[in-house]
Every structure is written in C-alpha cells, then in structure tokens.
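Engineer: Here it is, the structure, as structure tokens.
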Amino acid sequence: MPLSEILAVTDNFNPKLLIGSGGFGKVYEGKLANGVTVAVKRSESGHGQGRPEFQTEVLVLSKIRHRHLVSLIGYCDDGAEMILVYEFMKNGTLRDHLYSMASTTTMLNWKQRLEICIGSAKGLHYLHTGSDGGIIHRDVKSTNILLDENYVAKVADFGLSQAGLPDPDHHSMALKGSFGYLDPEFFRTFQLTDKSDVYSFGVVLLEVVCARPAIVNSTAARREEINLAEWGMAWQKKGEIEKIVDPSILGEMNPSSLRKFAEVAEKCLRPDGVDRPTMLDVCWDLEYALQLQQGTPAREEDDDDDDDDDDDEMSAGDDSAGDVDATATDSGSVFSQHRVDGAR
Numbered sequence: 364m365p366l367s368e369i370l371a372v373t374d375n376f377n378p379k380l381l382i383g384s385g386g387f388g389k390v391y392e393g394k395l396a397n398g399v400t401v402a403v404k405r406s407e408s409g410h411g412q413g414r415p416e417f418q419t420e421v422l423v424l425s426k427i428r429h430r431h432l433v434s435l436i437g438y439c440d441d442g443a444e445m446i447l448v449y450e451f452m453k454n455g456t457l458r459d460h461l462y463s464m465a466s467t468t469t470m471l472n473w474k475q476r477l478e479i480c481i482g483s484a485k486g487l488h489y490l491h492t493g494s495d496g497g498i499i500h501r502d503v504k505s506t507n508i509l510l511d512e513n514y515v516a517k518v519a520d521f522g523l524s525q526a527g528l529p530d531p532d533h534h535s536m537a538l539k540g541s542f543g544y545l546d547p548e549f550f551r552t553f554q555l556t557d558k559s560d561v562y563s564f565g566v567v568l569l570e571v572v573c574a575r576p577a578i579v580n581s582t583a584a585r586r587e588e589i590n591l592a593e594w595g596m597a598w599q600k601k602g603e604i605e606k607i608v609d610p611s612i613l614g615e616m617n618p619s620s621l622r623k624f625a626e627v628a629e630k631c632l633r634p635d636g637v638d639r640p641t642m643l644d645v646c647w648d649l650e651y652a653l654q655l656q657q658g659t660p661a662r663e664e665d666d667d668d669d670d671d672d673d674d675d676e677m678s679a680g681d682d683s684a685g686d687v688d689a690t691a692t693d694s695g696s697v698f699s700q701h702r703v704d705g706a707r
C-alpha cells in the first residue's frame, strides 16, 4: 500500500485514532476508502529490531490464511516507514477480558472462555502444520490472542515467528518471547520448538481459568504466587485447582469440565517438550471440556461425526491469500478499540 493511502486511512496518524502501542510501535484505527475499518501498526522510528520483525510478519502472513489467525490486509515499506495494516479486532485482547481494570471491558463466562481457547488452539495447530515445515509462533500469550466483534479468537503478532523446524545443531542464546510464558526447556537446549508454543499456551490456559497474569508484579504477592505456571500446577497436583479459579465463573462451571481443562493445562506445562501434547491433541481435549460443560460428553460417538468439520477448520487455511501488498479484502474489519499494552 502506498504511504499516501495509509496517511489518508489514518488522517495523517491522528493521535485521536491511536488505539494502542507495543514493542513494534503504535497502532491506529483507520478506515479504508471502501469503508472497511482496519488497524494500522506503525514502527517507531529508529527501532532497530523493527525491520526483521516487520519482514517476518509480512512473510508469515503472506503464506497463511485461517479463521483463527489475524489477516494482514496490506503493508508499506517506504524508507523509514514500516507499516502493517490488519483486520480490525473490535473486542481487543484476551487479557483485556480476564483481568483488565477498564470499566468498559466485558468479562467472559466459562463457555466463552472455552470457545476462545479452542479457537486459539486451532489457529496454532494450523500454524504448526499448515505450511511446509510449519511455523513456530514463539510469543504465544494472552495479549497476542485477539477477539473480533463476535468474540472469535485469532492469534496475532508473528514478528518473532520462525518458519520450519529448528536446526538441532543451531543453538541461540537470544531470548525470544515473553517472561512468564517462556518454555523452561529453552534454558537447557537454547532452542524454541512447536512444543514451546504448547508450553506458552498452557500458561494462557491458566490465565483463562484463574484470571491472573503470567507474572504477578506486586510486592503483596507471596513468592510462590509470582509465577502463574508454577503456582497453578502446585494447586493442580494437590487436586485443588478449584481453589484458584476466577470467582466470577466458578459457580457456572461443570466440575468435570474444569478437571478436563486443568488436565490439558498440566499436559501443556510438562517440563520436557517431548512429553507435551500437540496442538491438535489440545484442540480435541478442549472440545471435550466444552462438551462436558454443555452436558453432552458423548465423545466416542460424536467425535467421528464432528472431527471432519473440526479438522477442516483446524487444517484448512485459505492458501489463496494472494498478494498482501494490496487493498482490503472482505475480511478486513489486528488490534482493537481497547488499549493494547502487550509490549514485548
């Protein structure tokens, strides 16, 4: 997209249209000539790490298309200007709806949370398997799961992504990702894999059920409560996960659904990647947790009928994504009217 068009879309980056900021830069709400609302992410000038992340995001999103991955509508690479244009996600980040203090934020019920987790898992499964060699996200967290106007979840922010399987002979000392979500296996192997995404997703599952951040930055927190993964798994091993569930949803939860959900999180958070499930396994187990919540856990009978539809959604992307350096498609309607504070 030419810079002139983006300036028109954002009214010359009008501060009144600013809807968020992150590690890459600032995000503005804009409107294309055809009336489609978009999110425009503009790199901060002089941001040294911006170019490789920008190039990675364009490369990844030009190769994939899926209902549960955000869509890149266009981009601009014009000298110092590196700009990404995404579909607009009206309901902001998952984190906004778990423990945001904003008075305008709608809290999610348990069924909605399950459906959001299932959608996110489907997006990650497609990311891992939907292109040659797969793609590792490397920064899965609740601020990188966005919600559209119908609370459909879409995974976002592919600036740290890695295409293809990691080279077992290549070791990197550079940390990629966000504290609280980082795979502990990285500190032994110095590699991030698709199972690292699974670990990070396990942390997100605990955020969803507990409505607490991955890392508690509070002097009032006890030492054992600072790291959500460690704290949550300690309660799970005692068989008392219900004691740390978000009180706003505890009364509506089917105990069997909660137990299944906690079991999935525990599997994702296993210390060794080889022992963790694939994202496809996670999808199936979360679907079962939803069935338990709805009182229809006829898994053996239903799975044969439902799997075809589920597999279509989990594996079938729209490979006809086309040239991302283009104007909006009908899907154009990442970021939100809520503030996006998920800086890396």
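In terms of my numbering, the sequence shown opens at residue 364 and continues consecutively.
Using N, Cα and C, we set each Cβ at its ideal position, and we do this for glycine too.
Since this is a predicted model, take the numbers as computed values, not measurements.
#1: Based on the DSSP secondary-structure assignment, which residues constitute the bridge partners of Cys439?
#2: Please state whether the Cβ-Cβ distance between Glu392 and Val401 is less than 9 Å.
#3: Could you check how far apart the C-beta atoms of Leu395 and Ala574 are, in whole angstroms? I think they sit under 8 Å.
#4: Note down the Cα distance separating Asn375 from Phe417, rounded to an integer number of angstroms.
#5: Tell me the DSSP secondary structure of Leu370 in three-state form.
#6: Contact between the segment 479-494 and the segment 590-603 is defined here as three or more beta-carbon pairs at a separation below 8 Å; is this criterion met?
#7: Which of the three DSSP states, helix, strand or coil, is assigned to Arg405?
#8: Looking only at C-alpha atoms, which of Cys439, Val423, Asn397, Gly383 sits nearest to Ile369?
#9: My output table needs one value for Ala684: the three-state DSSP class, helix, strand or coil.
#10: Could you tell me the boundaries of the alpha helix (DSSP H) in which Glu629 lies?
#11: If you follow the alpha helix (DSSP H) that Glu570 is in, where does it begin and where does it stop?
#12: In whole angstroms, what separates the C-alpha of Ser563 from that of Leu435?
#13: From Thr419 to Ile499, what distance separates their C-alpha atoms?
#14: Determine the direct distance from the alpha carbon of Tyr449 to that of Asp511, and round the result to whole angstroms.
#15: Give me the Cα-Cα distance between Leu477 and Ala526, rounded to the nearest whole angstrom.
#16: Taking DSSP as the reference, what is the three-state secondary structure of Thr400?
#17: Terminal residues of the continuous alpha helix (DSSP H) containing Gly486?
#18: Say whether the segment 609-627 touches the segment 638-653, bearing in mind that this needs 3 or more beta-carbon pairs closer than 8 Å, one atom from each stretch.
#19: Taking the CB atoms as reference points, tell me whether Ala584 and Val566 lie closer together than 9 Å.
#20: Quick one: measure Cβ to Cβ for Gly388 and Arg405, integer angstroms, because I've assumed they're closer than 8 Å.
#21: Between Glu507 and Arg586, what straight-line distance do the alpha-carbon atoms span, to the nearest angstrom?
#22: Do you know whose CA, among Ala519, Val637, Arg633, Gln475, lies nearest Val572's CA?
#23: Taking 9 Å as the cut-off, decide whether the C-beta atoms of Cys631 and Val608 are in contact.
#24: Kindly list the residues whose CB is nearer than 8 Å to the CB of Ser683, restricted to its own chain and excluding five residues on each side of it in sequence; keep chain order.
#25: May I have the straight-line CA-CA distance separating Arg633 from Val627, to the nearest angstrom?
#26: Within its chain, find whatever has a CB closer than 7 Å to the CB of Ala445; leave out the 5 residues flanking it on each side and keep chain order.
#27: Whose CA, out of Gly658, Thr659, Thr582, Leu649, lies closest to the CA of Ile479?
#28: What did DSSP end up calling Lys606 once you bin it into helix, strand or coil?
#29: Please state the DSSP three-state secondary structure of Ile382.
#30: Measuring alpha carbon to alpha carbon, tell me which of Val637, Pro640, Leu424 ends up nearest Leu523.
#31: Short check: CB of Ser559 to CB of Val518, under 9 Å?
Structural biologist: On the basis of the data shown:
#1: Working through the sequence shown from its first residue, we reach residue 439 at position 76. DSSP lists Ile446 as partners of Cys439.
#2: Sequence index remark: in the sequence shown, residue 392 carries index 29 (1-based). Sequence index remark: in the sequence shown, residue 401 carries index 38 (1-based). The answer is yes: Cβ separation under 9 Å.
#3: Within the sequence shown, numbered from 1, the residue matching residue 395 stands at position 32. Within the sequence shown, numbered from 1, the residue matching residue 574 stands at position 211. 36 Å between Cβ atoms; not a contact.
#4: Taking the sequence shown and counting its residues from 1, the one referred to as residue 375 is at position 12. Taking the sequence shown and counting its residues from 1, the one referred to as residue 417 is at position 54. If I take the Cα positions, the gap works out to 21 Å.
#5: Start at 1 with the first residue of the sequence shown, and residue 370 comes out as number 7. The answer is helix: DSSP assigns Leu370 an H, G or I state.
#6: no
#7: Here the question's residue 405 lines up with position 42 in the sequence shown. The answer is strand: DSSP assigns Arg405 an E or B state.
#8: Your numbering for residue 369 matches position 6 in the sequence shown. Comparing Cα positions, the closest option is Cys439.
#9: Residue numbering aside, residue 684 sits at position 321 when the sequence shown is read from its first letter. The predicted model places Ala684 with a pLDDT of 39, which falls under 50 and marks its position as unreliable; any figure quoted below should be read in that light. Here Ala684 sits in coil by DSSP.
#10: Residue mapping note: residue 629 aligns to position 266 of the sequence shown, counting from 1. That run of the alpha helix (DSSP H) goes 618-631.
#11: Against the sequence shown, residue 570 aligns to sequence position 207. It spans 557-573 - the alpha helix (DSSP H) in which Glu570 sits, taken as one unbroken run.
#12: As a first step, residue 563 is located in the sequence shown; it is residue number 200 there, counting from the start. As a first step, residue 435 is located in the sequence shown; it is residue number 72 there, counting from the start. C-alpha separation (whole angstroms): 24 Å.
#13: Mapped onto the sequence shown, residue 419 falls at position 56. Mapped onto the sequence shown, residue 499 falls at position 136. Near 12 Å, if we compare the C-alpha coordinates of Ile499 and Thr419.
#14: Counting from 1 along the sequence shown, the entry for residue 511 is found at position 148. Counting from 1 along the sequence shown, the entry for residue 449 is found at position 86. Approximately 12 Å, taken between the alpha carbons.
#15: As a position in the sequence shown, residue 477 is number 114, starting the count at 1. As a position in the sequence shown, residue 526 is number 163, starting the count at 1. Looking at the two C-alpha atoms, the distance is approximately 28 Å.
#16: Residue 400 sits at position 37 when you count from the first residue of the sequence shown. Three-state result, Thr400: strand.
#17: Along the sequence shown, one-based indexing puts residue 486 at 123. First-last of the alpha helix (DSSP H) with Gly486: 473-492.
#18: yes
#19: As a working note, residue 584 is residue 221 in the sequence shown. As a working note, residue 566 is residue 203 in the sequence shown. Cβ distance not < 9 Å, so Ala584 and Val566 don't count as in contact.
#20: Here residue 388 corresponds to residue number 25 of the sequence shown, with the count starting at 1. Here residue 405 corresponds to residue number 42 of the sequence shown, with the count starting at 1. Rounded, the Cβ-Cβ distance is 5 Å, consistent with contact.
#21: One-based indexing of the sequence shown puts residue 507 at position 144. One-based indexing of the sequence shown puts residue 586 at position 223. According to the sequence displayed, residue 507 carries Asn and not Glu. Taking the straight line from one Cα to the other gives about 27 Å.
#22: Position 209 of the sequence shown, counting from 1, holds the residue named residue 572. Ranking the options by Cα distance to Val572, first place goes to Gln475.
#23: Residue mapping note: residue 631 aligns to position 268 of the sequence shown, counting from 1. Residue mapping note: residue 608 aligns to position 245 of the sequence shown, counting from 1. Not closer than 9 Å, so no.
#24: Taking the sequence shown and counting its residues from 1, the one referred to as residue 683 is at position 320. Only weak support is given to the placement of Ser683: the predicted model assigns it a pLDDT of 40, under 50, and the value that follows is read from those uncertain coordinates. The residues are Arg428.
#25: As a first step, residue 633 must be located in the sequence shown, where it is residue number 270. As a first step, residue 627 must be located in the sequence shown, where it is residue number 264. C-alpha separation (whole angstroms): 10 Å.
#26: By one-based count along the sequence shown, residue 445 stands at place 82. The question names Ala, yet the displayed sequence has Met at residue 445. For Met445, where only same-chain residues beyond five positions count, the Cβ hits under 7 Å are Ser406, Gly413, Arg414, Phe417.
#27: Here residue 479 corresponds to residue number 116 of the sequence shown, with the count starting at 1. Taking only the C-alpha atoms, the option nearest Ile479 is Leu649.
#28: What you label residue 606 is simply residue 243 of the sequence shown in a count that begins at 1. Note: Lys606 maps to helix in three-state DSSP.
#29: The residue labelled residue 382 in the question sits at position 19 within the sequence shown. Here Ile382 sits in strand by DSSP.
#30: Sequence index remark: in the sequence shown, residue 523 carries index 160 (1-based). Of the candidates Val637, Pro640, Leu424, the one whose C-alpha sits nearest the C-alpha of Leu523 is Leu424.
#31: As a position in the sequence shown, residue 559 is number 196, starting the count at 1. As a position in the sequence shown, residue 518 is number 155, starting the count at 1. No, they are not a contact pair.
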